[in-house]
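Participant: So the sequence shown is residues 18 to 160, counted in the working numbering.
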Amino acid sequence: MEISDQLRCVFSADVEQQDNSYLIEVPEQEIRLGDLQQGEAYRVAVLPCPSNEEANDIDTDTDTKAEPERERGRSKPPVEEGEERSVEIEDIGEQGDGITRVERGFVLIVPDTEQGERVVVEIADVRENVAFAEVVERVSYYE
C-alpha cells in the first residue's frame, strides 16, 4: 500500500451505528494539534485491523516473517532505536512529556521539553505506534 505525502493523521477507531448511519469518531487531539480543522472535508481510508488470532498467526508464521512489513498489512515504524532526529515539540501530554509527530503521524514522546521547543532527540524505545526519545541537544529557534 502506498501512503500519500498528504496524509494528515493516523488513528484507530471503532465504527458505531447511530440511527441510519455509522460513525467513526476523530480523537480530539487531531483537531487540537491542527492536523485537521473542524468543519472541513477530508478523504477517509478505512483499513481492517487484524483480529488477535490473525495477529498471532502473523507473528508465529516463519514464512511470513520473510515478507516485507508493508505486504503483511502492518507498516514498520518510521524511526529506529539509536536514530537522531531534529523535531519541534507540538504539544504536552497528560504526564507532562513533550509530544511531536514524524512521518505518517507517528508519535514521539520526549520528556523534559516544552511546547514549541526545537530539540535534537535520540530514539530510545520504539513500539508499534509510538516511540520514546531523549533530548540530545536543545536548538535555538533561529538556527
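Positions of the beta carbon are idealized from the N, C-alpha and C atoms, including for glycine. Here the structure is a predicted model, which is why all the values come from computation and not from measurement.
From Val153 to Gln55, what distance separates their C-alpha atoms?
Facilitator: Position 136 of the sequence shown, counted from the start, is the residue given in the question as residue 153. Position 38 of the sequence shown, counted from the start, is the residue given in the question as residue 55. Approximately 36 Å between the Cα atoms of the pair.
Participant: Alpha carbon to alpha carbon, what distance is there between Gly99 and Gln35?
Facilitator: For the purposes of this step, residue 35 is identified with residue 18 of the sequence shown, where counting begins at 1. For the purposes of this step, residue 99 is identified with residue 82 of the sequence shown, where counting begins at 1. So the alpha carbons of these two residues sit roughly 46 Å apart.
Participant: For Asp31, which residues from the same chain have a beta carbon less than 6 Å from its beta carbon, with the 5 sequence-adjacent residues on both sides left out?
Facilitator: By 1-based counting over the sequence shown, the position of residue 31 is 14. If we look at Asp31 and ignore the five residues flanking it on each side, it has no Cβ neighbours.
Participant: Please go through the same chain and pick out, in chain order, the residues whose beta-carbon is closer than 8 Å to the beta-carbon of Glu88, but skip the five residues on each side of it.
Facilitator: Counting from 1 along the sequence shown, the entry for residue 88 is found at position 71. Note on Glu88: pLDDT 46, under 50, position unreliable in the model; no value is reported.
Participant: If we require 4 or more residues per run, which alpha helix (DSSP H) segments fall completely within the segment 99 to 133?
Facilitator: Listed in chain order, nothing qualifies, since the segment 99 to 133 has no complete alpha helix (DSSP H) run of 4 or more residues.
Participant: Do you know whose CA, among Gly115, Gln132, Asp108, lies nearest Glu45's CA?
Facilitator: The residue given as residue 45 occupies position 28 in the sequence shown. Among Gly115, Gln132, Asp108, the Cα nearest to that of Glu45 belongs to Asp108.
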